[in-house]
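Asks: Per my numbering, the very first residue in the sequence shown carries number 8; after that it's consecutive.
Pasting in a structure now, in structure tokens, and then I'll have a few things to ask.
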Amino acid sequence: MGILKHLFAPITIGKMRVKNRLVMSPMGINFGVDDDGYVTDQLIYYFVERAKGGTGMLLVGGAAVHPSGLDLPRLPRIWDDKYISGFRRMTEAVHEYDVRFGIQLLHGGRQASLNEKVAPSPLPAQGVVKGIPKELTIDEIEEIIDAYGDAARRGEEAGFDFVEIHGAHGYLITQFLALNSNKRKDEYGGSFENRIRFLLRILRNIKEKTSENFPIGIRINGDDYIKDGWTIKDTIKIAPILEKEGADYLHISAGIYGSYPPGISVPSMYAKQGVFIPLAEKVKKIVTVPVIGVGRITDLEYANRIIKEGKVDMVAIGRGHLADPEIARKALSGKLIDIRPCIGCCLGCIGRVLKQEEATCVMNPRLGREYLIKEEVEKTLTPKKILVIGAGPSGLALSRVAAMRGHKVLICEEKGYVGGMLRVASFVPGRGDLNKLINYYQHELEKLGVEIRLNTPVDNGLIESENPDIVVIATGSQPKIPIISGLFKTKMNVHTATDVLEEKVIVGDQVIVLGGNMIGLQVADFLREKGKNVCVLHQGKHFAEEMAANDRVYLRERLKNNQVKLFKNVSIRRFLPKGIIFSVKNDNKEVKLDGYEDIIISMGMESIRSIANIFKEKDIPVYIIGDANKPGTLLDSQMEAYELGRSI
């Protein structure tokens with residue numbers, strides 16, 4: 008157990024003993040449910056994979072208790088007895104391992120993925136989901152309260168060890184709790200006592216319909232982080248009441264759609280470690296039942312410390328379990344460096360789920376395919392010698408999988424460092440977690456005996472001496488230089504975004520960035536921190552579309568100050584010696600920027616793959632992957648690299 012003895016100490020919840028204090032958070036992953044709402048092998052294998060990994064408690068995310076409250080199309084449904092058998096098949100498979108398995112009970116309310124929504128009051132959600140919900144009648148409220156109790160009874164019959172009531176993140180229970188979403192004038196609205204009545208009645212209904220020692224947890228926001236929302240003062244007030252009413256644990260999260268800062272309920276890499284732990288700590292001081300803390304926890308030594316310091320009793324990690332199902336087993340054995348990290352990019356998980364697509368993971372492309380790909384790799388029967396050109400993220404990922412399969416891999420990188428453009432991107436404020444991907448692959452490749460030669464351009468001599476069976480070109484991309492009349496005739500200095508981030512150039516105090524894509528906005532943030540005044544001109548309709556929404560909103564918030572001005576739908580009219588004249592779509596008025604010293608180009612990337620020409624006359628199979636194939640997102644490159652690594 009070693010340094011993590013507090014995290015891996017057992018704990019008792021009600022009468023239920025849990026082997027350690029690590030919890031896999033309930034998450035909406037939007038897969039593993041068929042058209043009729045039954046769980047499939049996809050979901051079962053997903054949970055079995057994580058049960059094998061050694062975590063103490065796992066939770067199924069967001070099972071809908073009522074047809075009017077389905078949050079996502081592919082989330083589990085538990086509003087009918089017909090679903091029990093499917094859940095039982097899942098619990099039996101998971102219980103082959105020493106783990107406590109629970110199911111979270113949810114009604115989406117006005118945040119449901121339905122055309123016709125219901126809520127305490129006819130007020131739309133404050134972000135993401137559109138549409139005005141119908142106000143619930145008293146009879147409908149009674150029906151939903153009963154639905155929660157019936158759902159819990161089904162969960163127990165299906166073999167789950169416990170249930171968790173989802174009372175956080177702006178869903179129906181939160182909508183009753185908060186003043187900004189509950190404008191009712193009856194016994195369910197107005198006073199604090201009235202607004203908590205719905206939750207208390209749900210808890211009582213569940214207790215009436217489940218056995219005496221069946222544990223019931225409640226996930227509740229410590230703070231909604233929005234005007235007239237639920238606050239930490241409210242949570243401190245309700246926590247002892249929930250304990251008295253029979254809640255067996257409290258799981259303290261935060262945020263709803265529309266919170267400030269936006270996206271905080273699923274924080275990206277910009278958020279600090281343990282962002283919600285101060286909220287949980289305040290609750291723990293006033294209750295005796297276990298308190299679970301959550302919120303961008305990626306460091307298990309930190310998780311161990313906050314338990315040791317008495318801030319929380321258990322720690323919930325969601326996306327870390329998506330990235331590495333074996334996170335607990337590796338940590339327990341002291342191999343923290345072997346844990347495949349969550350980098351907080353949000354691209355594969357919440358980014359895809361909000362588009363109603365299946366979740367996956369930049370770090371774990373096998374996520375959601377465990378039922379198809381039983382093992383991460385299969386050993387090859389015909390080992391080959393593979394030359395990988397480029398040590399960026401796609402080259403590193405491909406090399407790891409190929410080496411695990413038994414191929415002999417050599418990586419040649421013409422630059423003096425590993426990581427390619429991702430290393431450059433990590434220089435941006437708040438983006439340091441990108442280095443975790445690079446460091447993880449370097450460690451894995453070292454274990455696998457993969458040689459990385461830096462400062463090594465590939466030429467005919469190297470190819471002849473190495474004599475590879477297969478070549479993979481992963482040379483990445485470079486900034487695209489646009490053809491804009493007058494761009495290079497100004498007196499302003501013209502640079503690429505990458506030159507600025509690598510600090511190959513020094514820019515003045517007044518800077519124009521051409522392009523409001525991800526790199527353009529991140530360069531603006533980079534310069535803002537250096538005290539520069541920046542104006543970003545973007546030809547497109549939306550900024551930084553390559554980023555996941557939960558990640559992008561953090562960046563946009565950072566740029567809301569007088570140092571950075573953003574313009575979109577821009578047409579450049581002409582360049583001035585020290586500025587630009589441009590117009591904005593649907594506005595014929597010209598805007599003049601003058602007195603600027605530098606222009607930074609961030610108008611897309613183009614592939615670097617000229618090295619492919621050297622192989623045209625050679626009888627060697629050549630594959631081109633990542634940005635060298637087609638510039639895209641980090642998720643694109645990692646998925647492509649994994650698939651090629653599995654197939655060659």
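Beta carbons are placed, not taken as given, at the ideal position from N, Cα and C, and that holds for glycine.
Around the C-beta of residue 303, are 16 or more other C-beta atoms found within 10 angstroms, so that it is buried, or is it exposed?
Replies: Residue 303 is buried by the Cβ-count criterion.
Asks: Within its chain, find whatever has a CB closer than 8 Å to the CB of residue 238; leave out the 5 residues flanking it on each side and keep chain order.
Replies: So the list reads 230 and 231, once near-sequence residues are dropped.
Asks: Quick check: residue 67 and residue 155, are their CB atoms within less than 9 Å of each other?
Replies: Not in contact: residue 67 and residue 155 (Cβ atoms no closer than 9 Å).
Asks: To the nearest whole angstrom, what separates the beta carbons of residue 131 and residue 138, a pair I think is in contact under 8 Å?
Replies: Correct: roughly 6 Å between the Cβ atoms.
Asks: Quick test of your reading: residue 65 and residue 35, contact by CB under 8 Å. State the CB separation rounded to the nearest angstrom.
Replies: 15 Å between Cβ atoms; not a contact.
Asks: If we ignore side chains and look at the alpha-carbon of each, how far apart do residue 45 and residue 552 end up?
Replies: Each residue's Cα considered, the two are about 34 Å apart.
Asks: Which residue marks the beginning of the alpha helix (DSSP H) containing residue 458, and which one marks its end?
Replies: No alpha helix (DSSP H) holds residue 458; the beta strand (DSSP E) holding it covers 458-460.
Asks: Using 8 Å as the Cβ pair cut-off and three pairs as the minimum, do the stretch 574-591 and the stretch 483-494 touch?
Replies: Output reads yes: the stretch 483-494 touches the stretch 574-591.
Asks: Does the separation of the CB atoms of residue 301 and residue 394 fall below 9 Å?
Replies: Against a cut-off of 9 Å, the Cβ pair of residue 394 and residue 301 comes out as no contact.
Asks: Go ahead and label residue 118 buried or exposed: buried means 16 or more other beta carbons lie within 10 angstroms of its beta carbon, across all protein chains shown.
Replies: So residue 118 counts as buried.
Asks: To which residues of the same chain is residue 601 closer than 8 Å at the C-beta, ignoring the five residues directly before and after it?
Replies: Closer than 8 Å at the Cβ level, and outside the excluded window around residue 601, lie 583, 585 and 586.
Asks: Where DSSP assigns a beta bridge to residue 521, which residues make up the other side?
Replies: Beta-bridge pairing links residue 521 to 544 and 608.
Asks: Please report how far the alpha carbon of residue 522 lies from the alpha carbon of residue 544, in whole angstroms.
Replies: Looking at the two C-alpha atoms, the distance is approximately 6 Å.
Asks: Between the stretch 642-654 and the stretch 618-625, can you find at least three pairs of beta-carbon atoms closer than 8 Å?
Replies: No, the stretch 618-625 is not in contact with the stretch 642-654.
Asks: Can the beta-carbon of residue 568 be found closer than 9 Å to that of residue 274?
Replies: It is not a contact, given that the beta carbons lie outside the stated cut-off.
Asks: Taking residue 507 as the reference, which of 483, 480 and 535 has the closest Cα?
Replies: When each option's Cα is compared against that of residue 507, the closest is 535.
Asks: What is the DSSP secondary structure of residue 119, counted as helix, strand or coil?
Replies: In the structure shown, residue 119 sits in coil (DSSP, three-state: anything other than H, G, I, E or B).
Asks: By Cβ distance, which residues of its chain are closer than 7 Å to residue 309, with the 5 residues on each side in sequence left out?
Replies: Once the five neighbours on either side are set aside, the close Cβ partners of residue 309 are 280 and 281.
Asks: Starting from residue 112 and walking both ways along the alpha helix (DSSP H), at which residues does that stretch end?
Replies: Element bounds for residue 112: not the alpha helix (DSSP H) but the beta strand (DSSP E), 107-113.
Asks: In chain order, what residues of the same chain have a beta carbon less than 6 Å from the beta carbon of residue 455, not counting five sequence neighbours either side?
Replies: If we look at residue 455 and ignore the five residues flanking it on each side, its Cβ neighbours are 410.
Asks: What does a CB cutoff of less than 6 Å around residue 674 pick up in its chain, not counting 5 residues either side in sequence?
Replies: Examination of residue 674 is not possible in this model, given that the chain is present from 8 through 655 alone.
Asks: Taking only three categories from DSSP, how would you classify residue 486?
Replies: Looking at residue 486 - three-state DSSP - the assignment turns out to be strand.
Asks: DSSP on residue 343, reduced to helix/strand/coil?
Replies: Helix at residue 343.
Asks: For the structure I just gave you, are there three or more beta carbon pairs, one from the stretch 386-406 and one from the stretch 358-365, closer than 8 Å?
Replies: No, because fewer than three Cβ pairs between the stretch 386-406 and the stretch 358-365 fall closer than 8 Å, the two stretches do not touch.
Asks: Suppose the cutoff is 7 Å on Cβ atoms and the five residues either side in sequence are ignored; what does the same chain contact list for residue 56 look like?
Replies: Once the five neighbours on either side are set aside, the close Cβ partners of residue 56 are 332 and 377.
Asks: Just to confirm the assignment: which complete alpha helix (DSSP H) runs, minimum length 4, are found wholly within the stretch 177-242?
Replies: The stretch 177-242 contains these whole alpha helix (DSSP H) runs: 179-184, 199-202 and 204-216.
Asks: If contacts are defined as beta-carbon pairs under 8 Å, then residue 405 and residue 478 qualify, I think. What distance do you get, rounded to the angstrom?
Replies: Rounded, the Cβ-Cβ distance is 11 Å, inconsistent with contact.
Asks: For residue 481 and residue 261, which I take to be in contact (beta-carbon distance under 8 Å), what is that distance rounded to the nearest angstrom?
Replies: About 40 Å; that fails the 8 Å criterion.
Asks: Checking 9 Å against the spacing of the C-beta atoms, do residue 30 and residue 322 come in under that value?
Replies: Yes, these two residues count as a Cβ contact at 9 Å.
Asks: I need the DSSP call for residue 289, collapsed to helix, strand or coil.
Replies: Three-state DSSP puts residue 289 in a helix.
Asks: Can you tell me whether residue 173 is buried or exposed? The criterion is at least 16 other CB atoms within 10 Å of its CB, across all chains shown.
Replies: Classification for residue 173: buried.
Asks: Here's the rule: buried if 16 or more other CB atoms are within 10 angstroms of the residue's CB, otherwise exposed. What is residue 10?
Replies: Counting Cβ neighbours within 10 Å, residue 10 comes out exposed, since fewer than 16 surround it.
Asks: Pull up the CB-CB distance for residue 166 and residue 99, whole angstroms please, since I reckon it's below 8 Å.
Replies: Yes, residue 166 and residue 99 are in contact; Cβ-Cβ is about 6 Å, under 8 Å.
Asks: Sort 159, 347 and 15 by Cα distance to residue 213 and report the nearest one.
Replies: Checking every option, the nearest Cα to that of residue 213 belongs to 159.
Asks: Is the beta carbon of residue 289 closer than 9 Å to that of residue 242?
Replies: Yes; because the gap between Cβ atoms is below 9 Å, this pair is in contact.
Asks: Please state whether DSSP places residue 502 in a helix, a strand or coil.
Replies: Here residue 502 sits in strand by DSSP.
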